[in-house]
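Q: Sequential numbering of the sequence shown, starting at 18, is according to our numbering. Every residue, glycine too, gets a C-beta built ideally from N, C-alpha and C.
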Amino acid sequence: MAYEESGRAVVLGAGIGGLLAARVLSEHYGEVVVVDRDELPDGPEHRRFVPQSHHAHGLLGSGRQVMVSLFPGLSAELDAAGAITSGSGDPAMGDRSIFLVRNGTTIRIPAWWTGGFCASRVLIEHSIRERVRAIPNVTLRDRTAAVGLLTSGTRRRVTGVRTEDGEVGADLVVDASGRNSALPEWLERIGYRPPEESVVHSDVRYASLVTEPDPSFDPEWLIILGAQATSGSSVGGVVLRIENGLLHMSFGTTGQGTPIPSDIGELRAFADRMTAPVTAEALRHSTPLGPVRKYHVRRNVRRYYDRMSEMPAGLVALGDAASASNPIYGQGMSVAALSASRLGRLLAEEGGARRPGFERRAARAIAATSVEAWRLALGEDLRYGCRTQGVRTPWTARFDAGYRNRLERAAALDPEVASAFNDVLNLHRPLSSLGSPRVVRRVLRPLRDRNPGPLSATIAAVLGAA
Numbered sequence: 018m019a020y021e022e023s024g025r026a027v028v029l030g031a032g033i034g035g036l037l038a039a040r041v042l043s044e045h046y047g048e049v050v051v052v053d054r055d056e057l058p059d060g061p062e063h064r065r066f067v068p069q070s071h072h073a074h075g076l077l078g079s080g081r082q083v084m085v086s087l088f089p090g091l092s093a094e095l096d097a098a099g100a101i102t103s104g105s106g107d108p109a110m111g112d113r114s115i116f117l118v119r120n121g122t123t124i125r126i127p128a129w130w131t132g133g134f135c136a137s138r139v140l141i142e143h144s145i146r147e148r149v150r151a152i153p154n155v156t157l158r159d160r161t162a163a164v165g166l167l168t169s170g171t172r173r174r175v176t177g178v179r180t181e182d183g184e185v186g187a188d189l190v191v192d193a194s195g196r197n198s199a200l201p202e203w204l205e206r207i208g209y210r211p212p213e214e215s216v217v218h219s220d221v222r223y224a225s226l227v228t229e230p231d232p233s234f235d236p237e238w239l240i241i242l243g244a245q246a247t248s249g250s251s252v253g254g255v256v257l258r259i260e261n262g263l264l265h266m267s268f269g270t271t272g273q274g275t276p277i278p279s280d281i282g283e284l285r286a287f288a289d290r291m292t293a294p295v296t297a298e299a300l301r302h303s304t305p306l307g308p309v310r311k312y313h314v315r316r317n318v319r320r321y322y323d324r325m326s327e328m329p330a331g332l333v334a335l336g337d338a339a340s341a342s343n344p345i346y347g348q349g350m351s352v353a354a355l356s357a358s359r360l361g362r363l364l365a366e367e368g369g370a371r372r373p374g375f376e377r378r379a380a381r382a383i384a385a386t387s388v389e390a391w392r393l394a395l396g397e398d399l400r401y402g403c404r405t406q407g408v409r410t411p412w413t414a415r416f417d418a419g420y421r422n423r424l425e426r427a428a429a430l431d432p433e434v435a436s437a438f439n440d441v442l443n444l445h446r447p448l449s450s451l452g453s454p455r456v457v458r459r460v461l462r463p464l465r466d467r468n469p470g471p472l473s474a475t476i477a478a479v480l481g482a483a
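1) Would you kindly work out how many angstroms separate the C-alpha atoms of residue 81 and residue 220, rounded to a whole number?
2) Considering only their Cβ atoms, is the gap separating residue 272 from residue 401 smaller than 7 Å?
3) Looking at C-alpha atoms only, which residue of 252, 160, 75 and 201 is the closest neighbour of residue 223?
4) Quick one: is residue 427 buried, meaning 16 or more other Cβ sit within 10 Å of its Cβ, or exposed?
5) With DSSP as the reference, identify every bridge partner of residue 266, one or two as the case may be.
6) Indicate the three-state DSSP secondary structure (helix, strand or coil) for residue 317 in the structure shown.
7) Where does the unbroken alpha helix (DSSP H) through residue 436 begin, and where does it stop?
8) How many Å lie between residue 177 and residue 93 at the Cα?
9) Residues in its own chain within less than 6 Å of residue 346 by CB, not counting five upstream and five downstream?
10) With 16 other CB atoms within 10 Å as the buried threshold, where does residue 397 fall?
11) Measuring only the C-alpha atoms, how far is residue 493 from residue 363?
12) Kindly indicate which three-state DSSP category residue 192 falls into: helix, strand or coil?
13) State buried or exposed for residue 130, treating a residue as buried only when at least 16 other CB atoms are found within 10 Å of its CB.
14) Leaving out the 5 sequence neighbours to the left and right, which residues in its chain are closer than 6 Å to residue 495 when beta-carbon positions are compared?
15) Could you check whether the segment 312-330 touches the segment 46-61, counting it as contact only if at least three pairs of C-beta atoms, one from each stretch, sit closer than 8 Å?
16) Got a sec? Which residues, its chain only, sit under 8 Å from residue 381 by beta carbon, not counting five neighbours each side?
17) Short check: CB of residue 229 to CB of residue 284, under 7 Å?
18) The beta strand (DSSP E) with residue 213 in it runs from where to where?
19) Taking the continuous alpha helix (DSSP H) assigned at residue 396, which residues delimit it?
20) By the three-class DSSP mapping on this structure, what secondary structure does residue 65 have?
21) Buried or exposed for residue 406, going by 16 or more other Cβ atoms inside 10 Å?
22) Indicate the three-state DSSP secondary structure (helix, strand or coil) for residue 134 in the structure shown.
23) For residue 83 and residue 334, which I take to be in contact (beta-carbon distance under 8 Å), what is that distance rounded to the nearest angstrom?
24) Skipping 5 residues on each side, what residues in its chain have a beta carbon closer than 6 Å to that of residue 109?
25) Apply the 10 Å Cβ neighbour rule to residue 368 and answer buried if 16 or more other Cβ atoms are within range, or exposed otherwise.
26) Determine contact between the segment 297-304 and the segment 150-162, defined as no fewer than three beta-carbon pairs at a distance below 8 Å.
27) Pull up the CB-CB distance for residue 339 and residue 384, whole angstroms please, since I reckon it's below 8 Å.
28) Three-state secondary structure (DSSP) at residue 48?
29) On the DSSP letters alone, give me the boundaries of the beta strand (DSSP E) that residue 276 sits inside.
30) Could you give the residue range of the beta strand (DSSP E) that holds residue 303?
31) When the Cα atoms are used, what is the spatial distance from residue 57 to residue 143?
32) Do the segment 192-212 and the segment 31-43 touch if we need at least three Cβ pairs shorter than 8 Å?
33) Taking buried to mean at least 16 other C-beta atoms within 10 Å of its own C-beta, is residue 287 buried or exposed?
34) Would you mind reading off the limits of the beta strand (DSSP E) that contains residue 184?
35) What residues in its chain sit with their C-beta under 8 Å from that of residue 91, if we drop five residues either side in the sequence?
36) Quick one, are the C-beta atoms of residue 350 and residue 76 less than 7 Å apart?
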């Protein structure tokens with residue numbers, strides 16, 4: 018591998034975003050050092066400082082595209098580890114669908130329009146981590162907590178990071194430390210105003226577990242996304258098929274919702290009362306393989322590094338460190354992948370990070386990769402009455418609920434609408450594309466005029482298309 022410039026890049030965080038950033042930086046720097054306060058395992062295991070890994074994670078088609086382009090053969094590796102991918106030919110994929118459930122109405126979206134992996138976060142992260150470990154000029158330094166920035170004498174350039182074990186010099190520092198990034202505080206310490214923020218107080222509470230389905234349980238879905246709105250909140254659940262035939266389930270609330278129990282018996286009763294029947298059925302027909310894990314996310318934040326009036330050279334933030342939307346929408350891994358990919362393209366276009374103003378151009382490019390995910394999540398959060406601060410809401414974020422409901426129902430019956438909808442959900446196309454004249458005409462056609470195609474009798478009946 019040829020390096021386009023010498024020097025060292027330091028990446029903060031060894032999660033999905035940090036590992037992908039290290040991969041793209043390895044083509045442009047003689048040395049890349051990834052520092053993380055956690056102990057990095059040798060297998061697909063949970064980490065102490067990543068409690069969210071116990072909860073269901075979705076990888077979108079856009080994220081998968083980035084990962085397989087950066088790591089050829091990754092899909093085959095995950096297949097061999099028991100994951101399900103759209104290109105694997107696994108019979109578990111078949112023509113099964115995503116089930117989208119809102120307030121008792123089940124919408125079936127054909128799975129052939131989707132392109133992500135059906136695998137746990139720990140398996141995906143492990144596979145990528147091992148690939149990054151094998152890159153000759155990349156070093157992973159675990160159990161190394163970063164505590165601040167190093168700067169030049171004028172403080173106009175970041176020259177590395179301070180860790181609990183000493184200083185690590187760098188020509189470029191990339192913050193991929195996640196939604197709890199300390200970078201705004203570190204910037205204040207060196208004399209810069211922190212970036213503006215948009216905040217959504219979603220108050221998400223999770224209870225999650227991994228289960229083994231009963232041998233006789235053979236549902237027609239691949240993924241279930243179920244939610245019902247109540248006054249000022251939503252309650253729902255997600256069920257994902259993951260590696261080795263297991264199910265990863267997360268039940269939760271957004272807004273001021275009902276508390277989530279952690280006892281398995283109480284959780285089954287909660288699912289029966291508060292979530293879609295198809296979600297509760299999956300829990301009833303499977304055996305838990307471990308304890309129920311709980312998690313709480315109080316707020317989601319978009320940090321506008323691209324709007325800072327002054328920013329030091331040698332510093333970039335990406336992934337959740339820059340824009341962390343509501344995790345229930347499963348966008349985090351994919352946005353991190355898109356951000357890392359865009360950073361790599363910018364480095365290639367400019368021949369490295371040496372030109373003045375690179376960091377500002379990088380911040381703008383990275384912001385552009387996450388804006389659609391933020392708008393999608395914001396639209397849903399507004400639908401559930403979440404409180405916001407400093408939020409700008411373009412019309413695309415306030416999609417009319419009636420049109421959105423009709424679009425989801427049309428997607429179950431109309432392949433062209435399903436394709437357009439999935440392109441947006443998978444972050445291939447902007448939300449505004451669902452308002453194009455062609456899509457609108459198809460969405461507003463009477464449902465009874467459509468051919469239900471491969472829909473099961475049960476789902477067709479729910480849709481009123483039987």
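A: Answer, in terms of the structure:
1) 29 Å
2) Taking a C-beta distance under 7 Å as the contact criterion, residue 401 and residue 272 qualify as a contact pair.
3) Relative to the Cα of residue 223, the nearest Cα in the group 252, 160, 75 and 201 belongs to 252.
4) buried
5) 226 and 256
6) In this structure, DSSP gives residue 317 an extended state, which the three-state scheme calls strand.
7) 432-442
8) 37 Å
9) 394
10) If you draw a 10 Å sphere on the C-beta of residue 397, you find 16 or more other C-beta atoms in it, and that means buried.
11) With the chain covering only 18 through 483, there is no way to say anything about residue 493.
12) Correct three-state label for residue 192: strand.
13) Residue placement at residue 130 is flagged as unreliable, the pLDDT there being 44, under the threshold of 50; the coordinate-derived value follows with that caveat. Residue 130 should be labelled buried.
14) The shown model of the chain, from 18 to 483, leaves out residue 495, and the question about it has no answer.
15) Output reads no: the segment 46-61 does not touch the segment 312-330.
16) 323
17) no
18) 213-218
19) Taken as a continuous stretch (DSSP letters only), the alpha helix (DSSP H) holding residue 396 covers 375-400.
20) coil
21) exposed
22) It is a strand residue.
23) Going by Cβ atoms, the distance from residue 83 to residue 334 rounds to 18 Å, so no, they are not a contact pair.
24) Note that residue 109 has pLDDT 49, beneath the 50 cutoff, so the model's placement of it is unreliable and the number below is only indicative. Same-chain partners within the cutoff: 101.
25) exposed
26) no
27) Yes, residue 339 and residue 384 are in contact; Cβ-Cβ is about 7 Å, under 8 Å.
28) In the three-state scheme derived from DSSP, where H, G and I count as helix and E and B as strand, residue 48 is classed as strand.
29) Segment: none, residue 276 is in no beta strand (DSSP E) and carries neither H nor E.
30) 303-305
31) 9 Å
32) Contact holds: three or more Cβ-Cβ distances are below 8 Å.
33) buried
34) 183-186
35) 84, 85, 144, 145 and 148
36) yes
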